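Q:
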Amino acid sequence: MLQQTQVATVIDYYNRWMQKWPTLQALAQASLEEVNELWAGLGYYSRGKRLQEAARKVVSELAGRMPRTAEDLQKLLPGVGRYTAGAIASISYGQATGVVDGNVIRVLCRLRCIGADSSSPAVIDRLWDMANVLVDRSRPGDFNQALMELGATVCVPKAPLCGECPVKQHCRARRRVEKELAFASQKLFGKPVPVPDVEDCGVGGCPLCPPATEPWDSSLGVTNFPRKAAKKQPRVARTATCVLERRGCHGAPEYLIVQRPSSGLLAGLWEFPSLPLAQGLQEEKQREALADHLQAWTGWPVAAAGLRLIGEVVHIFSHIHQTYVVYSLPLDGDMTLDPALSPSRWVTEEEFHASAVSTAMKKVLKAHEKQRGESSPGKGSKRKRGAKQQGASSTRPGTQLSLRAFLRAPTSP
Ligand code: SF4
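Under our numbering, the residue at position 199 of the sequence shown is numbered 259, and the numbers go up by one with no gaps.
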């Protein structure tokens, strides 16, 4: 839970998780649906899924015994990579093995003036070697947590607190800054400036040194390290999504949600019926594509003109810049969906929020409710109470039509 999210956010999720599944055996019996519901909002849903798969594997194939070394953890459990394996083995089982996460990368690169791209295999392998050598043999878990905490609280990315750092006397980046200051003052007073030593080299074919094209920048000080390769731009994606709404018992709105496939992005989560769009598609075309999609899926004739455009909702996944083009479609009757196509269900607003839905879908519902609030009588709409509903051909912003209303054959003038 903590790998991508802050502690403050995680506490509540963690407590609820541990209350519900206090043992591996309990987690092994949970359904993916339950796991997704509890994980909803944390992002990276495959992590919750893999955690549950790992619990199942331990219970059913490993006789309930967790693997205890980093090698076995990584080899035997789904979702356990090098970092997670090292953290579990050292913290839970006392194995003298190192960990390398973003914080450790920063600390070690500064301690050793490693200026090559910190995501390159040569640098990563070297950092793991260093972490495995450095780790305290008698208290590996404490040591690893201390190293990560040092990066999180003292050796921070932008303004590290070098003066308070407990390892400053071992830090080559800091030494280099001090030397530069000494050189500058000697120069100022006309004294001879010594030749830089090998620690300051930055030349030659060393796979750990800063590349010749990006030499040390005096203005950056210790934050010259670590160096990162330019970040890959996230993929841009557009999806049309439709909030299908009906009046449930007591007149409260209900929404139709469908389940996503069990693999890929947001696997197994629930969402409003959605359709990925080709880039550059005009609004009219995307509306038609969505209407066709809904028609194929529901078996009902759906006219593009009846879809009401709510607006756009942007959600940033780690590697995707996703825009949802949100439409709504109010229904005045029940709709039976073919269960062979994809699981679907009607939910109240409360049930929607308790379901395994992504944060992006919660934003979509919020946009829909905001629009409804703005267009309802007394909140900006000029439509008078009791005014007659118009036919499909006279759809206008702020007017909701029932599915039957806009499917009705047009009357002759
Ligand atoms: Fe980081 Fe500064 Fe400590 Fe070096 S002295 S490890 S740069 S905080």
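Idealized CB from N, CA, C, for every residue including glycine.
Bear in mind that the values here come from a model prediction, so they are computed numbers and not experimental data.
1. Please state the DSSP three-state secondary structure of E314.
2. Once the 5 residues before and after K423 are set aside, which same chain residues still bring their CB inside 7 Å of it?
3. How many whole angstroms separate the CB atoms of L210 and V167, which I take to be in contact at a CB cut-off of 8 Å?
4. Tell me whether the region 154-165 and the region 199-216 touch, counting them as touching only if at least three CB pairs, one residue from each stretch, are closer than 8 Å.
5. Give the C-beta separation of W357 and L316 to the nearest angstrom, bearing in mind that I take them to be a contact with Cβ-Cβ under 8 Å.
6. Who are the near neighbours of L171 in its chain, counting only those whose CB is closer than 8 Å to its CB and skipping five residues on each side?
7. For the beta strand (DSSP E) containing I370, list its first residue and its last residue.
8. Figure out for me which residue from S178, W360, K292, G101 has the closest Cα to the Cα of L268.
9. Going by other Cβ atoms of all chains shown within 10 Å of its Cβ, with 16 needed for buried, is N75 buried or exposed?
10. Mind checking A338: buried by the 16 CB within 10 Å criterion, or exposed?
11. With the cut-off set at 8 Å, would you say P333 and V318 are in Cβ contact?
12. Tell me whether Y74 sits in a helix, a strand or coil according to DSSP, three-state version.
13. Helix or strand or just coil, what does DSSP make of C379?
14. In terms of residue numbering, what span does the beta strand (DSSP E) encompassing R128 cover?
15. How far does the alpha helix (DSSP H) with V296 in it extend, from its first residue to its last?
16. Anyone know if the C-beta pair for Y384 and A420 falls short of 8 Å?
17. For V118 versus L92, is the C-beta spacing smaller than 8 Å?
18. For ligand 1, any of its heavy atoms closer than 7 Å to the Cβ of P220?
19. Quick check on the DSSP output: the alpha helix (DSSP H) that includes T419 runs from which residue to which?
20. Which same chain residues end up closer than 7 Å to Y104 when comparing Cβ atoms and leaving out the 5 residues on each side of it in sequence?
21. Nearest-angstrom Cα distance between V237 and W276?
22. Which residues does DSSP list as the beta-bridge partners of L337?
23. Give the secondary structure of K442 by DSSP, where H, G and I count as helix, E and B as strand, and everything else as coil.
24. Should I370 be labelled buried (16 or more other beta-carbon atoms within 10 Å of its own) or exposed?
25. Measuring only the C-alpha atoms, how far is Q449 from K426?
26. Going by C-alpha to C-alpha distance, which of I174, E348, S120 sits closest to K288?
27. Taking 7 Å as the cut-off, is the beta-carbon of K109 closer than that to any non-hydrogen atom of ligand 1?
28. List, from N- to C-terminal side, the alpha helix (DSSP H) runs of 4 residues or more that fit wholly inside the region 190-225.
29. With DSSP as the reference, please indicate the residues paired to W406 in a beta bridge.
30. Run through DSSP, which three-state label would L187 get?
31. Starting from the C-beta of E32, find all residues in its chain whose C-beta is less than 8 Å away, skip the five residues before and the five after it, and write them out in chain order.
32. So, at 6 Å on beta carbons, what are the nonlocal neighbours of R347 in its own chain, with the 5 sequence-adjacent residues on each side left out?
33. Answer with buried or exposed for I293, where buried requires no fewer than 16 other C-beta atoms within 10 angstroms of its C-beta.
34. Is E314 closer than 8 Å to V216 when the C-beta atoms are compared?
35. Which same chain residues, not among the five before or five after K444, have their C-beta less than 6 Å away from its C-beta?
36. DSSP on L389, reduced to helix/strand/coil?
A: This is what the structure holds:
1. Within the sequence shown, the letter at position 254 stands for residue 314. DSSP places E314 in strand when its eight states are reduced to three.
2. On the sequence shown, residue 423 is found 363 positions in, with the first residue counted as 1. Only V373, H375 meet the Cβ criterion.
3. Sequence index remark: in the sequence shown, residue 210 carries index 150 (1-based). Sequence index remark: in the sequence shown, residue 167 carries index 107 (1-based). Indeed they touch by this definition, with Cβ atoms about 6 Å apart.
4. yes
5. Within the sequence shown, the letter at position 297 stands for residue 357. Within the sequence shown, the letter at position 256 stands for residue 316. So it is not a contact: roughly 10 Å between Cβ atoms.
6. Mapped onto the sequence shown, residue 171 falls at position 111. Correct list, in chain order: V227, H230, C231, R232, A233.
7. As a working note, residue 370 is residue 310 in the sequence shown. Unbroken beta strand (DSSP E) run through I370: 368-376.
8. On the sequence shown, residue 268 is found 208 positions in, with the first residue counted as 1. Cα-wise, what sits closest to L268 is S178.
9. Within the sequence shown, numbered from 1, the residue matching residue 75 stands at position 15. So N75 ends up on the exposed side.
10. Along the sequence shown, one-based indexing puts residue 338 at 278. Burial check for A338: the Cβ neighbour count within 10 Å stays below 16, so the residue is exposed.
11. One-based indexing of the sequence shown puts residue 333 at position 273. One-based indexing of the sequence shown puts residue 318 at position 258. Contact flag set, yes.
12. Position 14 of the sequence shown, counted from the start, is the residue given in the question as residue 74. Three-state DSSP puts Y74 in a helix.
13. The residue labelled residue 379 in the question sits at position 319 within the sequence shown. The sequence shown places His at residue 379, not Cys. H379: coil per DSSP, three-state reduction.
14. Looking up residue 128 in the sequence shown gives position 68. Taken as a continuous stretch (DSSP letters only), R128 belongs to no beta strand (DSSP E), as it is neither H nor E.
15. Locating residue 296 in the sequence shown gives position 236, counting from the first residue. Boundaries around V296 are those of the beta strand (DSSP E), 295-307, since no alpha helix (DSSP H) includes it.
16. Start at 1 with the first residue of the sequence shown, and residue 384 comes out as number 324. Start at 1 with the first residue of the sequence shown, and residue 420 comes out as number 360. Yes, Cβ-Cβ distance for Y384 and A420 is below 8 Å.
17. As a first step, residue 118 must be located in the sequence shown, where it is residue number 58. As a first step, residue 92 must be located in the sequence shown, where it is residue number 32. Taking 8 Å as the Cβ cut-off, V118 and L92 do not qualify as a contacting pair.
18. Against the sequence shown, residue 220 aligns to sequence position 160. Yes, ligand 1 has a heavy atom inside 7 Å of this Cβ.
19. As a first step, residue 419 must be located in the sequence shown, where it is residue number 359. 419-435 is the extent of the alpha helix (DSSP H) around T419.
20. Locating residue 104 in the sequence shown gives position 44, where the first residue counts as 1. Excluding positions up to five away in sequence, the list reads Q64.
21. For the purposes of this step, residue 237 is taken as residue 177 along the sequence shown, with counting starting at 1. For the purposes of this step, residue 276 is taken as residue 216 along the sequence shown, with counting starting at 1. For V237 and W276, the distance between alpha carbons rounds to 10 Å.
22. Position 277 of the sequence shown, counted from the start, is the residue given in the question as residue 337. Among the bridge pairs identified by DSSP, L337 is matched with R298.
23. Within the sequence shown, residue 442 is the residue found at index 382, counting from 1. Only weak support is given to the placement of K442: the predicted model assigns it a pLDDT of 39, under 50, and the value that follows is read from those uncertain coordinates. Reduced to three states, the DSSP call for K442 is coil.
24. On the sequence shown, position 310 is the one that residue 370 refers to. Buried.
25. As a first step, residue 449 must be located in the sequence shown, where it is residue number 389. As a first step, residue 426 must be located in the sequence shown, where it is residue number 366. Since pLDDT at Q449 reaches only 34, below the 50 mark, its modelled position is unreliable, and the value read off the structure follows with that caveat. Their Cα atoms are separated by approximately 25 Å.
26. On the sequence shown, residue 288 is found 228 positions in, with the first residue counted as 1. Restricting attention to I174, E348, S120, the CA atom closest to the CA of K288 is found in I174.
27. By one-based count along the sequence shown, residue 109 stands at place 49. Checking every heavy atom of ligand 1 against the Cβ of K109, none is found closer than 7 Å.
28. 200-213
29. Reading the sequence shown from its first residue, position 346 is the one you call residue 406. Among the bridge pairs identified by DSSP, W406 is matched with L316.
30. Taking the sequence shown and counting its residues from 1, one reaches residue 187 at position 127. Reduced to three states, the DSSP call for L187 is helix.
31. Residue 32 lies beyond the range of the chain shown here (61 to 473); nothing can be said about it.
32. Taking the sequence shown and counting its residues from 1, the one referred to as residue 347 is at position 287. Answer for R347: A364, L367, listed in chain order.
33. Your numbering for residue 293 matches position 233 in the sequence shown. First, the amino acid is wrong: residue 293 is Gln here, not Ile. Classification of Q293: exposed, given that the 10 Å Cβ count is below 16.
34. Locating residue 216 in the sequence shown gives position 156, where the first residue counts as 1. Locating residue 314 in the sequence shown gives position 254, where the first residue counts as 1. It is not a contact, given that the beta carbons lie outside the stated cut-off.
35. Within the sequence shown, the letter at position 384 stands for residue 444. Low per-residue confidence applies at K444: pLDDT is 36, beneath 50, and the placement is therefore not dependable, though the value from the model is reported in the following sentence. Shown here for K444: not one same chain residue has a beta carbon closer than 6 Å to its own, the five before and five after excluded.
36. Mapped onto the sequence shown, residue 389 falls at position 329. DSSP places L389 in strand when its eight states are reduced to three.
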